[in-house]
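**Q** To start, I am sharing the structure in question, which I have written as C-alpha cells.
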Amino acid sequence: MDENPYQPLVNLLSNVLEAYTTAFFVFDKKSRKLHVAAIQSLSKFIPPRLSLPLEGSGILSQVQKVGQIIHLDKLHEATSSISLTLPFYREGESHIKGLYAAPVAGGAGILYVDTKYGWGFNDKQQKWIREFADLLGRLLLSREAKGRQENHANIFEVLLRLDEIAFKGCDFENYCGLFATEWAKLLGMDYGFLVLQRPGGKNYRVLGATANTPRGISTQSFSADKGLIGWVLKNPKNLLIMRMNPATSDHYLFSPGENLPHQGTVWGMRGQTSLGYSLALLFLSRQPIDWNTDCERAVAHAFRFLLLLLEQIYCREENEALRCYDITTGLFSAPAFESRVEGIFHASMQSNAPFTLGLIQFEPWQILTTKVQPPKLRQLQRDLATALCEALPTGVLIGQLAQNRFGLLFAETTVHEAESQLLELSGYGKIALKGLKGVKLHPYVSSAGFPQDAAKLEELWPLVSKRLFAAFNVRPEKAAS
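Numbering (the working numbering), first residue to last: 165 to 645.
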C-alpha cells in the first residue's frame with residue numbers, strides 16, 4: 165500500500181482525465197510555501213519534491229489567496245511566459261491547452277490539473293476534479309486532526325510521566341534533568357537546559373539538562389548579563405529564534421566559546437518565584453525545525469507547575485530554616501541545637517575528635533517574671549544572647565534551650581579547654597534591671613565532654629544537666645532573693 169495517502173487519488177484522477185500533470189499542493193502557513201503532496205506528470209523536468217513560495221507560484225497563488233477556481237481553456241492566450249504562470253514548468257515546455265486549479269479545504273491546499281489533449285475540461289470533467297478536491301480536502305483535514313490527536317496524546321503522556329515522578333518525591337535536580345529531556349524530545353530539540361538564578365545574584369547555574377550537555381557547562385556558573393540565557397533571565401518575553409546566526413556576536417547561550425551548535429532553532433522562557441528565585445528554560449536544536457505551537461503551550465503549562473514545585477521546595481526550606489532559630493534571640497532553637505549536638509557526636513565518633521557540651525542558666529528568673537512585663541523579659545533574653553555571642557569564640561554554637569537557659573557546643577574542644585572559656589562568663593548575667601533595685605542575675609554553668617565524660621549521646625545530656633543542677637546548690641555571693 166502506498167504510504168502517501170494522496171497519491172492514489174491523484175493517480176486515479178490523472179488517468180481518468182488523461183491529464184498531462186495532476187498535482188496536489190499543501191500550503192504551509194509558517195513558511196508561506198506550497199509543497200507538492202502528490203503528483204503525476206508526463207513532464208521530465210518537475211522534481212518529485214517540489215516547493216514553491218506562494219508569492220512566486222503564478223496562478224496557484226491566486227487560487228490560494230482568493231479561494232476561487234481558475235479554469236483556463238486557452239492557456240496560450242492567457243500568458244506569454246509559462247514559467248511565470250506555471251513556475252514548475254520550464255520555459256519552452258508548451259502545448260498546455262487548458263488547466264483547472266481548485267482550492268482544497270478552504271485554502272489548506274490546491275488541486276491542479278492540466279491537459280494537452282483538449283481545450284480545457286468539459287462540465288463532467290470539472291465535476292470530477294471538484295469531487296476529487298473535496299476528497300483530498302477531507303483526507304487532509306483528517307490527517308491533520310489525527311496528527312494533532314497523536315501530538316496531544318504524546319503531550320499528555322509526558323505530563324503524566326512528569327507528574328508521577330514529581331509526586332513520588334524525586335530529587336528536584338534529577339526531576340529538572342528529566343523535565344528538560346522529556347520536553348526537548350517532544351519538541352524535536354537536541355538540547356534542553358533549566359537554569360537557576362538566586363535572588364539578587366549576578367550569576368546562574370544549570371539546574372537540569374539533557375544528557376548530551378557538555379560537562380563544563382553543567383559544573384560552572386555563568387554571568388546573567390551575557391548570552392541568550394542571560395537575555396531570557398532579564399526579559400519577561402519568551403525567546404524564539406528559528407535560525408540562529410553563527411556570525412552574530414551574541415548568538416550563543418552560555419559563553420562565546422561553548423561547545424554547542426549555533427545554527428539551529430532556540431526557544432526559551434523564564435519565571436520567578438515569590439522568594440525571588442529566577443528560573444529559565446531553554447531548548448536548542450542543531451538544525452532549524454518546524455515549530456509546534458501546541459507543544460509550546462504544553463511546555464509553558466508544565467513550566468508553571470515546575471515553578472510552583474520550586475516555590476514549594478524553597479518555601480519549605482525557608483520555613484525549616486526559620487524553625488531552626490529562636491524567634492526572640494535569633495539563636496538556634498532547642499530542637500535545632502539538639503540536632504547539631506547529635507551531628508557533631510556522630511562526626512566525632514568517626515574522627516575520634518573530642519567535643520564539649522555546656523549549659524548556662526541565669527537565675528532567679530522566676531522572680532523577674534513577677535516584677536517585669538513579658539516585653540522586658542524578652543529584651544533581657546536578647547541582651548543575654550548578644551553578650552554570650554560576643555564573649556565566646558566564633559566556632560562555638562549557642563542554642564536557646566529555655567527562656568533563661570542556653571546550650572553551648574564546643575567542637576574539637578576538651579572539657580578542660582571549654583571550662584576556661586566558661587569561667588569567663590561568670591560576670592555575664594549580673595545585669596541590674598532598670599527600676600528593679602537589688603535584683604540581679606547570676607549564671608550557673610556546667611559542662612560534659614566526649615569521650616572524656618560520656619561515650620554515648622544518651623549519657624551526655626543527663627550528665628551535663630546533673631552537673632548544672634548540682635551547681636544550683638552552690639550559692640553565689642549576694643545572690644538575688
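Ideal placement from N, C-alpha and C gives every residue a C-beta, glycine not left out.
Near Ala551, which residues of its chain fall below 7 Å by C-beta distance, leaving aside the five closest residues on each side in sequence?
**A** Reading the sequence shown from its first residue, position 387 is the one you call residue 551. Once the five neighbours on either side are set aside, the close Cβ partners of Ala551 are Tyr592.
**Q** Assign Asn516 to one of two classes, buried (16 or more other C-beta atoms within 10 Å of its C-beta) or exposed (fewer than that).
**A** Your numbering for residue 516 matches position 352 in the sequence shown. With fewer than 16 other Cβ atoms within 10 Å, it is exposed.
**Q** Among Leu605, Leu561 and Ile562, which one has its Cα closest to the Cα of Pro528?
**A** Walking along the sequence shown from the start, residue 528 turns up at place 364. Ranking the options by Cα distance to Pro528, first place goes to Leu605.
**Q** With 16 other CB atoms within 10 Å as the buried threshold, where does Leu326 fall?
**A** Position 162 of the sequence shown, counting from 1, holds the residue named residue 326. Flag for Leu326 reads buried.
**Q** For the alpha helix (DSSP H) that contains Trp292, what are its first and last residues?
**A** Taking the first residue of the sequence shown as 1, we reach residue 292 at position 128. Run containing Trp292: Asp287 to Phe331, per the alpha helix (DSSP H) assignment.
**Q** Could you have a look at Met433 and say whether DSSP puts it in helix, strand or coil?
**A** Position 269 of the sequence shown, counted from the start, is the residue given in the question as residue 433. Three-state result, Met433: strand.
**Q** For the alpha helix (DSSP H) that Gly352 lies in, which residues bound it at each end?
**A** Along the sequence shown, one-based indexing puts residue 352 at 188. It is not in any alpha helix (DSSP H) - Gly352 carries neither H nor E in the DSSP assignment.
**Q** Looking only at C-alpha atoms, which of Pro539, Ala619 and Leu474 sits nearest to Met513?
**A** As a first step, residue 513 must be located in the sequence shown, where it is residue number 349. Met513 has its Cα closest to that of Ala619, out of Pro539, Ala619 and Leu474.
**Q** If Leu495 and Gln564 are in contact, beta carbons under 8 Å, what's the gap, nearest whole angstrom?
**A** Here residue 495 corresponds to residue number 331 of the sequence shown, with the count starting at 1. Here residue 564 corresponds to residue number 400 of the sequence shown, with the count starting at 1. Right, the Cβ-Cβ distance comes to about 4 Å (below 8 Å), so this counts as a contact.
**Q** Under 8 Å, with one C-beta from each stretch per pair, do the segment 436 to 446 and the segment 357 to 375 reach the 3-pair mark?
**A** At 8 Å Cβ cutoff, the stretches touch.
**Q** Are Tyr432 and Val396 touching if we call contact CB-CB under 7 Å?
**A** Stepping through the sequence shown from its first residue, residue 432 is reached at position 268. Stepping through the sequence shown from its first residue, residue 396 is reached at position 232. It is worth fixing the name first, because residue 432 is Gly in this sequence and not Tyr. Cβ atoms of Gly432 and Val396: closer than 7 Å.
**Q** Pull up the distance between the alpha-carbon of Phe636 and that of Phe331, whole angstroms please.
**A** On the sequence shown, residue 636 is found 472 positions in, with the first residue counted as 1. On the sequence shown, residue 331 is found 167 positions in, with the first residue counted as 1. Going from the Cα of Phe636 to the Cα of Phe331 covers about 53 Å.
**Q** Going by the DSSP bridge assignment, what does Thr520 pair with across the sheet?
**A** By 1-based counting over the sequence shown, the position of residue 520 is 356. Answer is Phe574 and Gly613.
**Q** Mapping DSSP to helix, strand and coil, what is Lys197?
**A** Position 33 of the sequence shown, counting from 1, holds the residue named residue 197. Looking at Lys197 - three-state DSSP - the assignment turns out to be strand.
**Q** Short of 6 Å in beta carbon distance, which residues of its chain neighbour Ser195, apart from the five on each side in sequence? Order them along the chain.
**A** Counting from one through the sequence shown, the residue named residue 195 turns up at place 31. So no residue of the chain qualifies.
**Q** So, is Trp347 buried or exposed, given that buried needs 16 or more other C-beta atoms within 10 angstroms?
**A** Taking the first residue of the sequence shown as position 1, residue 347 is located at position 183. Classification for Trp347: buried.
**Q** Should Asn168 be labelled buried (16 or more other beta-carbon atoms within 10 Å of its own) or exposed?
**A** Here residue 168 corresponds to residue number 4 of the sequence shown, with the count starting at 1. Answer is exposed; the Cβ neighbour count stays below 16.
**Q** Alpha carbons only, please: which of Leu544, Gly364 and Gln585 is nearest the one belonging to Thr558?
**A** Position 394 of the sequence shown, counted from the first residue, corresponds to residue 558. Measuring from the Cα of Thr558, the nearest candidate turns out to be Gln585.
**Q** Quick one: what does DSSP say Asn124 is sitting in, helix, strand or coil?
**A** Outside the shown range of the chain (165 to 645) lies residue 124, about which nothing can therefore be said.
**Q** Would Ile319 be called buried (16 or more neighbouring beta carbons within 10 Å of its own) or exposed?
**A** One-based indexing of the sequence shown puts residue 319 at position 155. It is buried - the Cβ of Ile319 has at least 16 other Cβ atoms within 10 Å.
**Q** In the DSSP output, which residue or residues are listed as bridge partners for Pro607?
**A** Locating residue 607 in the sequence shown gives position 443, where the first residue counts as 1. Paired residues: Phe526.
**Q** Where Gln616 and Leu624 are concerned, what is the direct C-alpha to C-alpha distance, given to the nearest angstrom?
**A** Within the sequence shown, residue 616 is the residue found at index 452, counting from 1. Within the sequence shown, residue 624 is the residue found at index 460, counting from 1. Rounded to whole angstroms, Gln616 to Leu624 spans 10 Å at the Cα level.
**Q** Out of Pro267, Gly271, Val277 and Gly270, which one is the CA nearest neighbour of Ile260?
**A** Working through the sequence shown from its first residue, we reach residue 260 at position 96. When only C-alpha atoms are compared, the closest one is Val277.
**Q** Roughly how many angstroms lie between the CA atoms of Ala464 and Ser382, to the nearest whole one?
**A** For the purposes of this step, residue 464 is taken as residue 300 along the sequence shown, with counting starting at 1. For the purposes of this step, residue 382 is taken as residue 218 along the sequence shown, with counting starting at 1. Those two C-alpha atoms are separated by around 23 Å.
**Q** Would you kindly work out how many angstroms separate the C-alpha atoms of Phe296 and Gly421, rounded to a whole number?
**A** By 1-based counting over the sequence shown, the position of residue 296 is 132. By 1-based counting over the sequence shown, the position of residue 421 is 257. In a straight line, the C-alpha of Phe296 is about 56 Å away from that of Gly421.
**Q** Thinking C-alpha only, which one of Gly220, Ala272 and Asn338 is nearest Gln228?
**A** As a working mapping, residue 228 is identified with position 64 in the sequence shown. It is Ala272 whose Cα lies nearest to the Cα of Gln228.
**Q** Looking at the structure shown, is Val370 part of a helix, part of a strand, or coil, going by DSSP?
**A** Numbered from 1 along the sequence shown, position 206 holds the residue referred to as residue 370. Here Val370 sits in strand by DSSP.
**Q** Over the uninterrupted alpha helix (DSSP H) stretch that includes Asp458, give me the two end residues.
**A** Stepping through the sequence shown from its first residue, residue 458 is reached at position 294. Where Asp458 is concerned, the enclosing alpha helix (DSSP H) stretches over Thr457 to Arg487.
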